[in-house]
Ligand SMILES: [Zn+2]
């Protein structure tokens, strides 16, 4: 059984599935590691530059993260 198969069956309270994880990992994540724990990255997060940012021309901050930390940040929806 792969890690992705296990993720699809995960539940929060034992009754309700919370994850619709396709298991897709972009080739862009290959070789990248989670900025939190150092595991292989599955996602990349990017900061939103809001309209009132004093420096609207700057590049948004980005970070590669693993599935676990991505889900932790986006509320289990990733
Ligand atoms: Zn991580």
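Residue numbers (the working numbering): 1230 to 1307.
Note that CB positions come from ideal geometry on N, CA and C, so glycine has one too.
Checklist entry - Hey, would you say the C-beta of residue 1303 is under 6 Å away from at least one heavy atom of ligand 1? => result Numbered from its first residue, the chain shown carries residue 1303 at position 74. Residue 1303: no, Cβ never under 6 Å from ligand 1.
Item to check | Contact test: residue 1298 Cβ vs ligand 1 heavy atom, cutoff 6 Å | outcome: As a position in the chain shown, residue 1298 is number 69, starting the count at 1. Correct: residue 1298 has its Cβ closer than 6 Å to ligand 1.
Checklist entry - What did DSSP end up calling residue 1294 once you bin it into helix, strand or coil? => result If you number the chain shown from 1, residue 1294 lands on position 65. In the structure shown, residue 1294 sits in a strand (DSSP, three-state: E or B).
Item to check | Proximity test, residue 1254 beta-carbon vs ligand 1 heavy atom, cut-off 6 Å | outcome: Within the chain shown, the letter at position 25 stands for residue 1254. Checking the 6 Å criterion, the Cβ of residue 1254 is out of range of every heavy atom belonging to ligand 1.
Checklist entry - What's the gap between the Cα of residue 1261 and the Cα of residue 1292? => result Position 32 of the chain shown holds residue 1261. Position 63 of the chain shown holds residue 1292. So the alpha carbons of these two residues sit roughly 10 Å apart.
Item to check | Contact set for residue 1269: own chain, Cβ-Cβ below 7 Å, skip 5 residues either direction | outcome: Here the question's residue 1269 lines up with position 40 in the chain shown. Hits under 7 Å: 1262, 1295.
Next on the checklist: Does the beta-carbon of residue 1257, which I'm using as the reference point, lie nearer than 6 Å to any heavy atom of ligand 1?
Outcome noted: What you label residue 1257 is simply residue 28 of the chain shown in a count that begins at 1. False, no ligand heavy atom lies under 6 Å from that Cβ.
Checklist entry - Mind checking whether residue 1298 and residue 1254 have CB atoms under 7 Å apart? => result Residue numbering aside, residue 1298 sits at position 69 when the chain shown is read from its first letter. Residue numbering aside, residue 1254 sits at position 25 when the chain shown is read from its first letter. Against a cut-off of 7 Å, the Cβ pair of residue 1254 and residue 1298 comes out as no contact.
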